[in-house]
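Right, one structure below, let's go through it.
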Amino acid sequence: MSQYIPFPLLITLGVCLYVCVCVCFLFFKIYFWVFFNTHHCRYSLSPWPSVMKVALQK
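Residues 0 to 57 (numbering that gives the first Met the number 0) are what the sequence shown spells out, left to right.
Right, dumping it as structure tokens:
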């Protein structure tokens, strides 16, 4: 079986993928928080649905 992936390699790839997703999510959260704070006036003036504003406040 030439296409057999070793189990330790599978675990390593899974952990790397998990860490990448967590880091990307954290960066996205920080970026969105900073962007929302710096552009708060523009957000309140923009014609967004009230549903989105309620969702962002939670």
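Where is the CB? At the ideal position from N, CA and C, for every residue including glycine.
Only a predicted model underlies this, so the values are computations on that prediction, with no experimental measurement involved.
Distance between residue j and residue i (C-alpha atoms, nearest Å)
| i | j | result |
| --- | --- | --- |
| L9 | Y3 | 10 Å |
| V20 | T37 | 25 Å |
| T11 | F26 | 22 Å |
| V33 | V18 | 22 Å |
| F31 | V22 | 14 Å |
| G13 | P5 | 12 Å |
| P7 | F24 | 26 Å |
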